[in-house]
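Order-wise, the sequence lines are chains P and R. Quick note: the first sequence uses the working numbering, first residue 1, plus one each step. Quick note: the second sequence uses the working numbering, first residue 1001, plus one each step. Here is the structure we will look at, set down as structure tokens.
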Amino acid sequence: AQSVTQLGSHVSVSEGALVLLRCNYSSSVPPYLFWYVQYPNQGLQLLLKYTSAATLVKGINGFEAEFKKSETSFHLTKPSAHMSDAAEYFCAVRRDSNYQLIWGAGTKLIIKP
Amino acid sequence: SQTIHQWPATLVQPVGSPLSLECTVEGTSNPNLYWYRQAAGRGLQLLFYSVGIGQISSEVPQNLSASRPQDRQFILSSKKLLLSDSGFYLCAWSTISQGLGNTEAFFGQGTRLTVV
Chain P
1 AQSVTQLGSH VSVSEGALVL LRCNYSSSVP PYLFWYVQYP NQGLQLLLKY
51 TSAATLVKGI NGFEAEFKKS ETSFHLTKPS AHMSDAAEYF CAVRRDSNYQ
101 LIWGAGTKLI IKP
Chain R
1001 SQTIHQWPAT LVQPVGSPLS LECTVEGTSN PNLYWYRQAA GRGLQLLFYS
1051 VGIGQISSEV PQNLSASRPQ DRQFILSSKK LLLSDSGFYL CAWSTISQGL
1101 GNTEAFFGQG TRLTVV
């Protein structure tokens, strides 16, 4: 069965510091992986997706994620945090049997001034 | 371009009252449609999804139901709300294909439901 685990329900970084949000997946087939962002009281917005092309995926707002098969990871990074990055971030994997998305529990990113 | 509309944005309803949340999609045909719920401090819970008119799959048995009367319309309903139905409800759509990466979901702005 496929699954996604996000390590850390809350991550706090200082403005200007590196952002690292962790996502590990479990899949017996090559996965399709996604990162979404949710700002307070809004819907989710796609940040980036991995579709078995390049292992380093660049997304919107300066975020990127690297697919590492050996580590079954798809961590999200941004070199320099901005106050506007404060939001909740969700990792998801596409279920191979019916193409629905399997969601991680989410990580709330807190930016300290 | 495709857009998704979800309303109302906020709703306060008494226990035992009915519920109807509506979601419509524009700019695409035969989308897959989803209703999710987020309870406070919790992740996304898939409630229902639909691959076509009149086709509804329920992921979690509960006090809610869904209907898809038209291709791009998805309705979440309840006959009698419970306190535990409070939460943030999100509608989403996607297209399913065996092509590369075109199964991402696109979300509406959500409805904050408070049952009192």
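Where is the CB? At the ideal position from N, CA and C, for every residue including glycine.
Chain P within 8 Å of residue i, Cβ atoms only
{"i": "R:R1068", "result": "no"}
{"i": "R:R1072", "result": "no"}
{"i": "R:E1104", "result": "yes"}
{"i": "R:L1113", "result": "no"}
{"i": "R:L1090", "result": "yes"}
{"i": "R:G1087", "result": "no"}
{"i": "R:Q1062", "result": "no"}
{"i": "R:Q1109", "result": "yes"}
Neighbourhood of residue i by C-beta, 6 Å cutoff - its chain only, sequence neighbours within 5 removed
{"i": "R:L1033", "result": "S1050, F1074 and W1093"}
{"i": "P:L44", "result": "Y36 and Q38"}
{"i": "R:Y1036", "result": "L1044, L1046 and L1090"}
Under the three-state DSSP convention, the category residue i falls into
{"i": "R:L1083", "result": "helix"}
{"i": "R:N1032", "result": "strand"}
{"i": "R:I1053", "result": "coil"}
{"i": "P:N176", "result": "Residue 176 of chain P is absent from the model: chain P starts at 1 and stops at 113."}
{"i": "P:Q61", "result": "Looking at the sequence shown, residue 61 of chain P is not Gln but Asn. In the structure shown, P:N61 sits in a helix (DSSP, three-state: H, G or I)."}
{"i": "R:S1001", "result": "coil"}
{"i": "P:S52", "result": "coil"}
{"i": "P:S84", "result": "helix"}
{"i": "R:L1044", "result": "strand"}
{"i": "P:K68", "result": "strand"}
{"i": "P:N41", "result": "coil"}
{"i": "R:L1024", "result": "Here residue 1024 of chain R turns out to be Thr, not Leu, going by the sequence shown. Reduced to three states, the DSSP call for R:T1024 is strand."}
{"i": "R:Q1117", "result": "In the structure as shown, chain R starts at 1001 and stops at 1116, and residue 1117 of chain R therefore has no counterpart that could be examined."}
{"i": "R:Q1109", "result": "coil"}
{"i": "R:T1010", "result": "strand"}
{"i": "P:Y89", "result": "strand"}
{"i": "R:R1072", "result": "coil"}
{"i": "P:S26", "result": "strand"}
8 Å CB neighbourhood of residue i in its chain, flanking five on each side removed
{"i": "P:Y50", "result": "P31, Y32, L33, F34, V57, A65, F67 and F74"}
{"i": "R:Q1013", "result": "L1019, L1081, L1113, T1114, V1115 and V1116"}
{"i": "R:G1108", "result": "I1004, H1005, Q1006, C1023, L1090, C1091 and A1092"}
{"i": "R:Q1055", "result": "R1068"}
8 Å Cβ cutoff, residue i in contact with chain R
{"i": "P:Q174", "result": "This structure cannot settle anything about residue 174 of chain P, because the visible part of chain P is limited to 1 through 113."}
{"i": "P:W103", "result": "yes"}
{"i": "P:F74", "result": "no"}
{"i": "P:F63", "result": "no"}
{"i": "P:G16", "result": "no"}
{"i": "P:F34", "result": "yes"}
{"i": "P:G59", "result": "no"}
{"i": "P:G106", "result": "yes"}
Neighbourhood of residue i by C-beta, 7 Å cutoff - its chain only, sequence neighbours within 5 removed
{"i": "R:D1071", "result": "S1029, N1030 and I1053"}
{"i": "R:S1058", "result": "F1048"}
{"i": "P:V19", "result": "V13, T77, K78, A81, D85 and L109"}
9 Å Cβ cut-off: residues of chain A touching residue i
{"i": "P:F90", "result": "No chain A appears in this structure, whose protein chains are P and R."}
>> Under 9 Å, CB to CB, which of the residues in the segment 37-55 of chain P have a partner in chain R?
In response: Q38, N41, Q42, G43, L44, Q45, L46, K49, Y50, T51, S52 and A53
> Three or more beta-carbon pairs under 8 Å between the segment 18-27 of chain P and the segment 87-98 of chain P, yes or no?
Replying inline: yes
> Got a sec: which bits of the segment 1035-1058 of chain R sit with their beta carbon under 8 Å from any beta carbon on chain P, in order along the chain?
Replying inline: R1042, G1043, L1044, L1046 and Y1049
> So does the segment 1004-1011 of chain R actually touch the segment 1056-1066 of chain R, counting three or more Cβ pairs closer than 8 Å?
Replying inline: no
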